[in-house]
Amino acid sequence: MNKPASKAPVPHFNTEADERAYWETHDSTDHLDWSKAEKVRLPKLRPTTKTISLRLPQHLLDSIKVAANARDVPYQSLIKVWLQEKLHGH
């Protein structure tokens, strides 16, 4: 069974909660023609980060800071790179 060519307009929502409730029970293909969708790049979009507390021996932190300084990067960034590499087996 083919869907009609014209799509229903997306309703106006007064609150985000109203919109969320609507989309939980409705299919977006009733409103949008996804075959006409275009890929977009969002170069300034950054992943969500979560602040954690990590206790390290002072000598280990000092060594990390020295390694980061030698690479001219912030030590926290270097820790993230190392964790990512270790996680993915590089």
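Numbers given in the numbering used here equal positions in the sequence shown, counted from 1, plus 2.
Cβ coordinates follow ideal geometry from the N, Cα and C atoms, glycine included.
This one's a predicted model, so the numbers in the text were calculated from it and none came from an experiment.
Query: Segment contact flag, the segment 79–86 with the segment 59–70, C-beta cutoff 8 Å, min 3 pairs; Result: yes
Query: Between the CA atoms of I66 and Q60 - distance to the nearest angstrom; Result: 10 Å
Query: Backbone secondary structure at K67 - three-state DSSP; Result: helix
Query: Alpha-carbon to alpha-carbon, L56 and T27; Result: 42 Å
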